[in-house]
């Protein structure tokens, strides 16, 4: 155990005993802010003039939509306003992430090395950074899908152009989808896909452009391309695709100054305003997914962490070599023991050999065996290891033989006790297994109570060792999400909705079935809803198709937006036991044929209600299924080998009780100590026997002495009484 630990002392100890070193912390939970600091560098556009209100105002045109959807002047103001908002949002998320990092706590019982601290802190920060980026990605994808699915109309007329005309003296309204003409094949429509083209600036006077031409995304001839910027169905999609090349080039910035009223708002100099970040040819979408972060560095002050942990002492295990003095002592002991043992063995061997030569063999084996036993007993009776030449009286010889017998008994008992104690003695030993494989680790499971295998990587992503195989609702793998079915429903509803849409594009009102009265206005009540119906198609003499309500779609609700309608509805109509499904299918195909579209080969099968396979009954609202992500079962599949590989323990330690000495060790210790035992017993045994033999005499003398004392006491008492 080492006390008064300093950072330098710990580094030295860790270098020498990294696998067994243990330094308990006085404080086990330490906030990151106490010893870490983060330095975040964002893309230079987020600190440039291009996100300032003055620049954005310099791109504004009151009549921006008149320039045409292909012209950069129609969406430049909105794109840079979005860019400014994205930078602000990214800064807020980064700031909140830094707060979360600072408030996060490092919980550890023992002091970690600098390498371990860096791995742990960097791993945790990476997880929080990815979580923050995921927030932005989720928000962005939701916004894009909402705009595309509900076909939200841009106020700049970039995806739908509203027209008013007066053909017969009354005002008529109509809407043209923005499209992109291709050389071969049908036009691309903003209602079906995200169209993007290079942003251009045209010198054509916008008053001379026909209305029908403004709905085409194809650039005008002789237009100048704004490098790195795009136009599309919405300013959002155009900005996400942009690479901001123009902001790195003085010539391109000067082009913007020539076409926009920028200098009316600010004193702009192109040479001083170009972006300074390294141009990586990435889109705004890629930058945004990373929160416009160019570099995130974390500084870890290990000294501060050490003082926060404040270990009072450290312990470690090491193998000590046998000291020289111990080796010399053991050698002398073995030498003495071997001399005594070899002397005895030599003496007994000579006696046995001499007796074998002198003794004649008898024919009777039984008598021979009995004779040997009797001779051994007689020899043991005559054995005297404590002969005294000067004292050869009968009592002395008898006493010497008794001492020999007791000596041999004590010697045998001491040897047995020594062997038993040495062989049964055990100790707890810490065993280190370096770079254990998974098989080795599993075999060490028998030591689970003391087994410790610290991971090299302190923070491990779940995706590295857990795989999910979610089982989704059957709608997700049915024909109802197939492109052909979507195409069928799209064309079958396009014409039926065109005339009502032309009348209701302003407020998107909800009407009762078979009623001309408006009961709910979405502009004032976004929660308007009515049951959805199927209309009978009747081909009229005009361009539009007349419709009449003929069937209520069970479980389906019509709301203000397509997303509202979906979330409020159930999927009852799409099940096999529903009367609605056959009618819906036949009507959709009939409408598809009526509109002259090519017949699809898709076979649509209804869904089957199986309560044992699905936790969503047919009458479950889609919103409920969405909240549970349409998942029936997650089916997680953790892989322990993958986790072990990611953990990558460099060593394992465990404690085990083992015998202190093996057989050879017991023999060596016995030989080393037998000399001392024999010497001690040769000294102690004679005195012990003499004391035992004299004990009766001592007791008799004591008994004789006690009556005399009692007689004297009685005499003294009589004398006193007479006086």
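In UniProt numbering, the protein residues as written are 1 to 723.
Think of the CB as a built atom: it goes at the ideal place given N, C-alpha and C, for glycine as much as any other residue.
- Secondary structure at residue 21: coil, using DSSP grouped into helix, strand and coil.
- In this structure, residue 239 and residue 79 form a Cβ contact; the two beta carbons are roughly 4 angstroms apart against a cut-off of 8 angstroms.
- Under the DSSP assignment, residue 304 falls in the alpha helix (DSSP H) whose first and last residues are 302-309.
- A direct Cα-Cα distance of roughly 36 angstroms separates residue 225 from residue 561.
- Separation of residue 31 and residue 102 (C-alpha to C-alpha, rounded to the nearest whole angstrom) is 6 angstroms.
- The residues 194, in chain order, have a CB closer than 6 angstroms to that of residue 237 in the same chain once the five nearest residues on each side in sequence are set aside.
- Residue 613 sits in coil when the DSSP states are folded into three classes, being neither helix nor strand.
- Rounded to whole angstroms, residue 559 and residue 623 show a C-alpha spacing of 13 angstroms.
- Residue state for residue 94 is assigned as helix, using DSSP reduced to three classes.
- Linking residue 411 to residue 310 through their CA atoms gives a straight-line distance of about 57 angstroms.
- Restricting attention to 612, 639, 644, 60, the CA atom closest to the CA of residue 260 is found in 60.
- Shown here, residue 577 sits in coil according to DSSP, grouped into three states, outside any helix or strand.
- When rounded, the separation of the alpha-carbon atoms in residue 228 and residue 452 is 56 angstroms.
- By the Cβ-count criterion, residue 43 is buried, with 16 or more other Cβ atoms from all chains shown falling within 10 Å of its own Cβ.
- Within the segment 637-677, the runs of alpha helix (DSSP H) at least 4 residues long that lie entirely inside it are, in chain order, 640-647.
- Rounded to whole angstroms, residue 70 and residue 242 show a C-alpha spacing of 15 angstroms.
- According to the DSSP assignment, residue 114 belongs to the alpha helix (DSSP H) that extends over 114-150.
- The alpha carbon of residue 652 has as its nearest neighbour, out of 440, 691, 141, 299, the alpha carbon of 440.
- The residue from 407, 587, 470 with its alpha-carbon nearest to that of residue 680 is 407.
- When Cβ pairs closer than 8 angstroms are counted between the two stretches, the segment 561-573 is seen to touch the segment 617-632, the count reaching three or more.
- Fully enclosed beta strand (DSSP E) runs of no fewer than 3 residues occupy 426-434 of the segment 388-451, in order along the chain.
- Under DSSP, the beta-bridge partners assigned to residue 177 are 160.
- According to the DSSP secondary-structure assignment, residue 471 is paired through a beta bridge with 633.
- Between the alpha carbons of residue 700 and residue 673 lies a gap of roughly 40 angstroms.
- Looking at the DSSP output, residue 297 shares a beta bridge with 39.
- CA-CA distance, residue 16 to residue 455, rounds to 19 angstroms.
- In the three-state DSSP reduction, residue 205 falls in the coil class, being neither helix nor strand.
- In the DSSP assignment, residue 212 falls outside any beta strand (DSSP E) and lies within the alpha helix (DSSP H) extending over 211-214.
- The bridge partners DSSP lists for residue 481 come to none.
- Straight-line spacing of the CA atoms in residue 685 and residue 669 works out to 23 angstroms.
- C-alpha of residue 29 to C-alpha of residue 117: approximately 14 angstroms in a straight line.
- For residue 419 and residue 677, the gap between their C-alpha atoms comes out near 13 angstroms.
- Bounds of the beta strand (DSSP E) holding residue 29 are 29-31.
- In this model, residue 471 and residue 633 are separated by some 5 angstroms (Cα to Cα).
- With contacts defined as CB atoms closer than 9 angstroms, residue 199 and residue 76 qualify as a contacting pair.
- In this structure, the beta-carbon distance from residue 606 to residue 574 falls below 9 angstroms.
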